[in-house]
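Student:
In our numbering, the protein residues as written are 598 to 1180.
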């Protein structure tokens, strides 16, 4: 019984190839129709811009916002327009209707100077941005721009009839071809093969003489050739059967001869037994050779043991090199700390220079006024009005000198304490809020060049025994990382520092609303020498130093969390009080 008809399998293969080709061609036609319709809509958008741009330009020039909105709503009523955005000459959006893309993300606040094509494959929107030019007294002035959006759905709505026609055409042709193939295969292949199969199954193998098959067809095709070949095969089988009977008779004669050969074989076995004895002697010789190879292998094992000892010696040397590398890393961390202290010195020196310079100017002015007063006194031309003016100038100069010297004194005191703390790991009693404010004040030279804000939330009277230098360096690295990395490209960043405590631990939650880091960068954040500004002078040791200070110096823990574009947060926790050093 046939498991699967050959004609059916062939028909299935042919139709499968045809279905595939029809599907590919239909898809290509649909794609071409889609592209042509989309290009046509783009051209219509460009043509439509030439129609309405004059009225829209005049409405923006005359600051007629109501007219601008009315015109935009009228354009949105056009079936092919999905959305519209109109901006004025400052880049601000006057009106925005329908579906659209983020115009500020595309152009920021800048106006387009010439026609720009927009396309977003994710949302399916596409369109054009055109500049709006107002001509007045022979001068052309750009008063804004307008962006028109269409979408993939509009294109599909226009070509849907064509798609239905293409699919229907393909289905009709496919149905007709299936019927034609079924009729042809049934007449030319399926029916003759069925007859051939039935006649072959009815053949009796024991009575093949005179038996032949016959296919009912008038065409001389492959099936007729198969019929002739099979009938010839039957004739040959009959002939071979007769020859087989003769061969059986000859086999009986051959068996008698075989018995005679068996006798001769026994004689040969006796001869080969003696040969086997010789083979045993050869095996003894091979055994001797194997023992010799064993001695060679023993020597090789001894050599490998010697090599293993040398490798152990090399391992000891490598461990010593690792210790030296760890020591070099510690020295490098110390160098990084001193480099940060040097940066602090440079910033404080720049800030102190301003009040000192003002003080020097005030003293020079007072010396000049004293010289003038002395001359008028000696010439006896000193009047009460001159003396009164001198007193007023002296008060102003001394007031200016006093305020600036106080400012310089305050900066120096703050710097002295922070610098001493960063260079020392001594434990001392500090008011946490006042001390963090001192650290922020020491970073004023870095902060004053930006518009960033630092918000500190901390209990007023939280006083603890801590390594002040570690606290100073942790907050310095946190704030500097936010300024350099987090707020890159951001003008008004906000840093929030929240300090709380429980019965045993001090908890610091630090957060900035900067750029944040990726998941891959977050995994490497505390690795030594990892930095995103390698070519801009970054050492990659800031966060690694913080990790060492929190874990080793403060016996605490630090954890960072971040999402790209949503800032970076640190959660730091360590014991509140430590024993002061007795030395």
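Backbone N, C-alpha and C fix where the C-beta goes; we use that ideal spot for every residue, glycine too.
Report back the beta-carbon spacing between residue 681 and residue 746 to the nearest angstrom; my notes put them in contact at under 8 Å.
Tutor: Sure, about 7 Å apart at Cβ, within 8 Å.
Student: Can you tell me which of the three DSSP states residue 1160 falls into?
Tutor: Of the three classes helix, strand and coil, the one that applies to residue 1160 here is coil, per DSSP.
Student: Could you have a look at residue 1060 and say whether DSSP puts it in helix, strand or coil?
Tutor: Reduced to three states, the DSSP call for residue 1060 is strand.
Student: Along the chain, which unbroken stretches of the beta strand (DSSP E) at least 3 residues long are found entirely within the stretch 701 to 752?
Tutor: As far as the stretch 701 to 752 is concerned, its whole beta strand (DSSP E) runs of at least 3 residues are 713 to 717, 722 to 733 and 736 to 748.
Student: Taking the alpha-carbon positions, what's the residue 1112 to residue 643 distance?
Tutor: Spanning the two alpha carbons is a distance of roughly 38 Å.
Student: Ignore the nearest five residues each way along the sequence and tell me which others in residue 1017's own chain have a CB closer than 7 Å to its CB.
Tutor: Unreliable positioning characterises residue 1017 in this predicted model, as indicated by a pLDDT of 48, which lies under 50. A coordinate reading is not provided.
Student: So, for residue 983: in the same chain, excluding its five sequence neighbours on each side, which residues have a beta-carbon less than 8 Å away from its beta-carbon?
Tutor: So the list reads 970 and 973, once near-sequence residues are dropped.
Student: Under 8 Å, do residue 717 and residue 729 count as touching if we go by C-beta distance?
Tutor: Result no, Cβ atoms of residue 717 and residue 729 do not sit closer than 8 Å.
Student: Do the stretch 699 to 717 and the stretch 756 to 773 touch if we need at least three Cβ pairs shorter than 8 Å?
Tutor: No, the stretch 699 to 717 does not touch the stretch 756 to 773.
Student: For residue 1030, which option in 1043, 1053 and 1044 has the closest C-alpha, if you only look at C-alpha atoms?
Tutor: That would be 1053, whose Cα lies nearest to the Cα of residue 1030.
Student: Please classify residue 1081: does DSSP put it in a helix, a strand, or coil?
Tutor: Helix, per DSSP.
Student: Quick one: what does DSSP say residue 1172 is sitting in, helix, strand or coil?
Tutor: Of the three classes helix, strand and coil, the one that applies to residue 1172 here is strand, per DSSP.
Student: What separation, rounded to the nearest whole angstrom, lies between the Cα atoms of residue 1069 and residue 1139?
Tutor: Straight-line Cα distance between these residues: approximately 13 Å.
Student: If we call anything under 8 Å between Cβ atoms a contact, is residue 759 one with residue 721?
Tutor: No. Outside cutoff.
Student: Could you confirm whether any beta carbon from chain C is found closer than 8 Å to the beta carbon of residue 663?
Tutor: Given the protein chain composition of this structure (a single chain), no chain C is represented.
Student: Which partner residues of residue 684 appear in the DSSP bridge assignment?
Tutor: Partner(s): 690 and 742.
Student: Between the alpha carbons of residue 783 and residue 770, how many angstroms are there, rounded?
Tutor: Roughly 20 Å separates the two Cα atoms.
Student: Among the residues of its own chain, which have a CB less than 8 Å from the CB of residue 1148, if the five just before and after it don't count?
Tutor: The residues are 1154 and 1155.
Student: Suppose contacts are defined by Cβ-Cβ distances below 8 Å. Is residue 742 in contact with residue 651 by that definition?
Tutor: Not in contact: residue 742 and residue 651 (Cβ atoms no closer than 8 Å).
Student: With 16 as the cutoff for other CB atoms within 10 Å, does residue 600 come out buried or exposed?
Tutor: Because the pLDDT at residue 600 is just 48, under 50, the model does not fix this residue reliably, and the point stays unresolved.
Student: Does DSSP classify residue 625 as helix, strand or coil?
Tutor: Residue 625 falls in the helix class under three-state DSSP.
Student: Compute the Euclidean distance between the alpha carbons of residue 839 and residue 831, then round it to the nearest angstrom.
Tutor: Whole-angstrom Cα-Cα distance: 13 Å.
Student: Identify every residue that forms a DSSP beta bridge with residue 1167.
Tutor: 1107 and 1157, per the DSSP bridge assignment.
Student: Using the beta-carbon count (16 or more within 10 Å), is residue 866 buried or exposed?
Tutor: Under this definition residue 866 is an exposed residue.
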